[in-house]
Amino acid sequence: MQFRSRRATVLGAVSALLAGLMVVGPVPAAHASRPVAVEITGCVRDGSFVSEMTDFGTHTSDGSYVIRLFGRRDQASGAADPIDLGPHEGMRLRIKGYLSPGDRMTTSPDGIEVIGPCDGT
């Protein structure tokens, strides 16, 4: 008798769970944003690239974001090495590349243009 009541309880719980899932339906998968082609101007301070105000077309960023720069991904390994901005310390740069969520940007050496010194340096 006790076995039947446990079995009925388990079956009832499973049935309720399945019924609940059928009412809610499948949950769509969340997708991260894909990299977006951008051109960002900013200054190199303490080895980091700090963005200025940027118009992306669909919205404007007030800037002051630290953008982490990486080289293009290696096709075989999928790895991308950070770009050393030390040689550009105190310089204003225009960088063309692909911006990903988390302020990660991939570019190539020819995607970095030196505009001049940063204001106030």
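Letter by letter, the sequence shown follows residues -29 to -1, 1 to 92 in mature numbering (1 follows the signal peptide of the UniProt record, and there is no 0).
Ideal Cβ placement from N, Cα and C applies to all residues, glycine included.
Between residue i and the rest of its own chain, which residues show a CB-CB distance below 6 Å, the 5 nearest in sequence each way excluded?
i, result
"Leu70", "Val7, Val9, Met76"
"Ile11", "Ser22, Thr25, Ile66"
Whole angstroms are fine: how far does the CA of residue j sit from the CA of residue i?
i, j, result
"Arg39", "Thr31", "19 Å"
"Phe20", "Pro58", "12 Å"
"Pro72", "Ser(-25)", "52 Å"
"Gly28", "Ser(-15)", "51 Å"
"Pro88", "Asp52", "26 Å"
"Arg63", "Gly82", "14 Å"
"Arg16", "Ala50", "26 Å"
"Val85", "Cys14", "10 Å"
"Phe41", "Ile54", "5 Å"
Helix, strand or coil for residue i, going by three-state DSSP, please let me know.
i, result
"Asp26", "strand"
"Ser(-15)", "helix"
"Ser19", "strand"
"Met(-29)", "At Met(-29) the pLDDT is 49, less than 50, meaning the model places this residue with poor confidence and gives no usable figure here."
Round the Cβ separation of residue i and residue j to the nearest angstrom and send it over; I've been treating them as touching at under 8 Å.
i, j, result
"Asp74", "Tyr36", "5 Å"
"Ser79", "Arg43", "5 Å"
In chain order, each beta strand (DSSP E) run of at least 3 residues that lies wholly inside the region 23 to 79:
Listed in chain order, they are 37 to 41, 62 to 71, 75 to 77.
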